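2 protein chains.
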Amino acid sequence: MKKQEKKPAKELESFGKKLVVDIDKGRNPTIEFSLRTLSNVVYDTKTKTLGLGEKQQQRTFFNVGHAKKFMQTLEVAKISKTLLDVQKHASLRDVFYMAKRTISQSNINIVDDQVESDKAIEDLELITDCSREQLNINANKMGSVAGNVVIEDSGDTINWARLGSGGWSIPSNVEEIEFKSVKAKYIIYMEKQAVWERLHEDKFWEKQNCLIVTSQGQTTRGIRRLLQRLYEEYKLPIYVLADFDGWGFYIYSVLKFGSISLAHMSEELAIPSAKFLGITADDAINYDLKKHFIKLKDVDYSRLKQIADYDWFKKNKEWQRQFKMMKEFGAKLEIQALSSKGITFISDKYLPEKIKKQELLD
Amino acid sequence: MKKQEKKPAKELESFGKKLVVDIDKGRNPTIEFSLRTLSNVVYDTKTKTLGLGEKQQQRTFFNVGHAKKFMQTLEVAKISKTLLDVQKHASLRDVFYMAKRTISQSNINIVDDQVESDKAIEDLELITDCSREQLNINANKMGSVAGNVVIEDSGDTINWARLGSGGWSIPSNVEEIEFKSVKAKYIIYMEKQAVWERLHEDKFWEKQNCLIVTSQGQTTRGIRRLLQRLYEEYKLPIYVLADFDGWGFYIYSVLKFGSISLAHMSEELAIPSAKFLGITADDAINYDLKKHFIKLKDVDYSRLKQIADYDWFKKNKEWQRQFKMMKEFGAKLEIQALSSKGITFISDKYLPEKIKKQELLD
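Top to bottom, those sequences are chains A and B. Just so you know, we're using my numbering here: the first sequence kicks off at 156 and counts up by one. Just so you know, we're using my numbering here: the second sequence kicks off at 156 and counts up by one.
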């Protein structure tokens with residue numbers, strides 16, 4: 156059963172009931188869920204995403220090493236249940252403050268640091284098999300979208316094609332959004348808001364019949380989920396436009412394969428069919444951009460090595476060729492280097508040409 | 156004459172023509188504009204904003220120390236003129252790449268680093284007395300807005316009250332936006348997107364008849380200008396909701412008084428009437444939030460000292476009292492600490508109460 160078909164409140168209830176049975180029968184209350192350490196993160200070559208292996212962990216109440224985490228897990232479960240009951244959402248930081256208090260007649264706090272409540276929430280995702288968003292706990296909000304799509308959200312009908320120069324501000328939680336009409340052939344996701352504004356001003360999405368989406372830097376969960384939903388529900392291909400550097404590759408990697416820390420969420424967040432549109436090493440040559448190379452520093456080389464060693468890039472000849480060329484260049488390159496060719500070069504030539512020829516990395 | 160009434164293309168033309176006259180008359184081509192160093196930044200006690208003093212600087216072509224900067228200034232003027240002619244906008248990074256090239260028969264680049272083109276653009280703001288945005292050069296895009304306002308932008312009519320959970324994504328340049336209808340009594344500007352989502356979900360702007368605006372962290376130029384326009388054109392009071400820490404105070408300070416690096420732009424960006432809504436030292440006591448104190452570190456103390464020494468805070472007894480209390484507490488406090496009182500405590504009690512009693516810092 157997919158996470159989206161689960162009923163979070165019901166899952167939380169049965170989680171609680173199971174513990175009550177343990178107590179009633181005089182057993183040590185026990186929570187069991189997948190082990191969430193690197194040793195249990197596997198790259199599934201079939202689905203081409205990161206996921207968790209078979210290893211399980213137990214958390215018991217009568218165990219000095221487990222007791223505090225046990226309590227924290229129950230505390231965030233309680234908070235999530237309250238949120239669901241009153242139909243409100245909270246941020247990770249909010250949940251931390253909601254959980255943070257001193258246990259009476261002791262000097263022990265339920266949580267001292269947000270890391271603790273964050274981890275408990277991730278555990279709760281595994282225990283209930285519901286995403287944080289379904290548990291009404293939101294991630295950060297960031298990013299904009301424009302294109303020929305009409306949605307319904309919180310009782311409003313919103314046309315992404317009619318929102319002026321700003322576009323729609325993507326919320327942290329997109330689970331409840333309903334797509335009413337989607338007229339587009341593909342999606343370009345870019346890491347930079349400034350590039351988004353470039354394409355938006357050039358009416359790129361209108362001319363090319365596509366959607367344009369951006370966050371700033373690393374992609375938020377809200378945007379990853381939005382892109383995944385548009386892919387799953389409308390089969391829109393997703394092209395990633397990022398800098399030719401380790402950071403750009405990593406943004407692509409997370410979007411496509413999932414991330415190590417959220418391996419248990421890959422099914423809801425990863426988009427195995429996403430393609431890397433650019434900037435590539437070949438672009439540097441074909442579009443005569445070498446003069447805008449930025450010299451690699453030590454930190455760039457070590458990042459590159461790290462990424463080249465990822466399982467999913469290791470056996471990919473095309474990507475290894477890119478990494479090799481970057482090393483030979485001794486340089487990285489930014490999307491905005493295309494501006495040196497003219498203000499609208501990216502919209503008029505670079506993107507249409509690359510997409511038409513399907514010069515994409517997998 | 157206000158910057159908004161200037162015609163940027165005309166200003167650029169007369170800038171160029173003046174230099175042509177210099178050349179025709181055999182004079183050393185000279186640019187003259189206000190000195191933009193700290194020694195010429197003054198706090199105007201009348202307008203209560205930062206501004207530039209009387210000192211002027213000259214940049215001449217036949218001067219080894221000036222020649223390169225002279226050329227860079229003309230180069231960005233040319234780029235801006237092109238942008239205005241073709242009615243396109245570019246980001247600071249774009250302008251850098253547009254300017255970056257090697258002068259033929261030499262090994263000298265017009266610009267080597269973005270800092271150079273950024274500085275030249277700021278100089279151009281002074282030379283033409285037009286803002287960067289009027290020169291079609293955009294800052295970063297960030298942030299969201301919701302409330303009972305209808306605008307026209309790029310041919311679209313947009314109702315900020317009907318944009319679902321996301322809100323309108325604020326563009327980097329808001330000069331061309333036209334307000335069609337503004338129904339609100341005040342604006343709350345908050346530094347955190349998560350708090351914005353809290354208030355939005357609680358329909359705070361609807362219940363309280365206000366607008367809610369956020370960026371993430373430091374306020375972008377686009378948002379500062381949007382707030383200023385709403386204040387100037389509709390006399391909407393602006394209340395700032397930030398953390399009780401040096402960073403939160405600084406966000407408020409920049410919004411209200413202007414910033415040192417953009418002192419020449421205060422007239423377009425500063426909002427002297429803005430008020431600080433919270434979190435204050437008194438809130439910590441009145442709302443029983445002391446248990447959520449975060450201990451000040453060395454960096455917090457030095458930031459606090461810096462801010463307490465600003466001219467505009469120095470003579471303000473209320474603010475000095477806040478700074479003193481922070482030192483006594485030895486602690487800072489986050490907005491989200493209010494969540495410990497209940498999910499909607501901030502919307503139901505804290506904000507309505509503070510605003511009703513007008514418990515605001517000036």
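The beta carbon of each residue, even a glycine, is placed where N, CA and C say it ideally should be. Source: prediction; values computed, not measured.
Contact with chain B by residue i, beta-carbon distance below 7 Å
i        : result
Lys430/A : no
Met345/A : no
Met253/A : yes
Leu318/A : yes
Gln491/A : yes
Ser495/A : yes
Ser370/A : no
Arg148/A : Outside the displayed span of chain A (156 to 517) sits residue 148/A, for which this structure offers no information.
Ile434/A : no
Asp464/A : no
Asp177/A : no
Ile406/A : no
Glu356/A : yes
Glu230/A : no
Glu352/A : yes
Asp311/A : yes
Ile498/A : yes
Beta strand (DSSP E) segment containing residue i, residue limits
i        : result
Glu483/B : Premise fails: Glu483/B lies in the alpha helix (DSSP H), 472 to 484, not in any beta strand (DSSP E).
Met520/B : In the structure displayed, chain B extends from 156 to 517; residue 520/B sits before or after that span and is not available.
Arg191/A : Careful: Arg191/A lies outside any beta strand (DSSP E) and carries neither H nor E.
Gln212/B : 211 to 215
Leu299/B : One point to set straight first is that residue 299/B is Ser, not Leu, in the sequence displayed. 299 to 301 is the extent of the beta strand (DSSP E) around Ser299/B.
Ser336/A : 333 to 337
Best match in the options for proximity to residue i [C-alpha to C-alpha]
i        : options                                : result
Asp268/A : Leu290/A, Leu279/A, Phe251/A           : Phe251/A
Arg287/A : Ile434/A, Ser309/A, Asn328/A           : Asn328/A
Gly298/B : Pro326/A, Thr204/A, Ser272/A           : Pro326/A
Ile306/A : Ala294/A, Lys296/A, Asn295/A, Ser324/A : Ser324/A
Arg182/A : Leu515/A, Leu207/A, Phe216/A           : Phe216/A
Glu356/B : Ala425/B, Ser320/B, Phe412/B, Leu391/B : Ser320/B
Val454/B : Lys472/B, Ile490/B, Asp400/B, Leu493/B : Asp400/B
Gly206/B : Gln159/B, Thr192/B, Asp179/B, Val219/B : Thr192/B
Asn441/B : Leu451/B, Cys365/B, Gly372/B, Lys504/B : Lys504/B
Val409/A : Thr283/A, Ser428/A, Ile178/A           : Ser428/A
Ala397/B : Lys411/B, Arg384/B, Ile434/B, Arg376/B : Ile434/B
Asp308/B : Asn314/A, Val304/A, Leu318/A           : Leu318/A
Ile332/A : Arg384/A, Ser414/A, Val175/A, Ile265/A : Arg384/A
Asn218/B : Pro184/B, Lys157/B, Arg380/B, Leu279/B : Pro184/B
Phe448/A : Lys482/A, Lys338/A, Tyr405/A           : Lys482/A
Leu247/A : Ser494/B, Lys512/B, Lys511/B           : Ser494/B
Gly372/A : Tyr407/A, Thr204/A, Leu174/A           : Tyr407/A
C-beta neighbour in chain A for residue i, strict 7 Å
i        : result
Pro326/B : yes
Ala349/B : yes
Ser502/B : no
His221/B : no
Gln383/B : no
Gln363/B : no
Lys296/B : yes
Ser299/B : yes
Asp308/B : yes
Unbroken alpha helix (DSSP H) run spanning residue i, endpoints
i        : result
Asn441/B : 436 to 441
Lys236/B : 222 to 241
Lys274/B : 269 to 283
Phe404/B : 401 to 412
Tyr456/B : 453 to 463
Gly206/A : Note, Gly206/A: premise wrong, no alpha helix (DSSP H); beta strand (DSSP E) at 204 to 207.
Tyr386/B : 376 to 389
Nonlocal neighbours in the same chain, by C-beta distance under 7 Å from residue i, ignoring five residues either side
i        : result
Ile234/A : Val250, Met253, Ala254
Glu166/B : Thr283, Asp284, Cys285
Thr499/A : Asp357
Asn295/B : Ser327, Thr375
Close Cβ partners of residue i (< 8 Å) along its chain, the five nearest in sequence each way excluded
i        : result
Leu238/B : His244, Ala245, Leu290, Asn291, Ile292
Pro507/A : Gln363
Asn471/B : Asp517
Residues near residue i in its chain [Cβ-Cβ closer than 6 Å; skip 5 each side]
i        : result
Ala275/A : Gln227, Thr228, Val231
Under 7 Å from the C-beta of residue i: neighbouring residues of chain E
i        : result
Trp323/A : Checking the listed chains, one finds no chain E in this structure; the protein chains it contains are A and B.
>> Under 8 Å, CB to CB, which of the residues in the region 233 to 245 of chain B have a partner in chain A?
In response: Thr237, Leu238, Val241, Lys243, His244, Ala245
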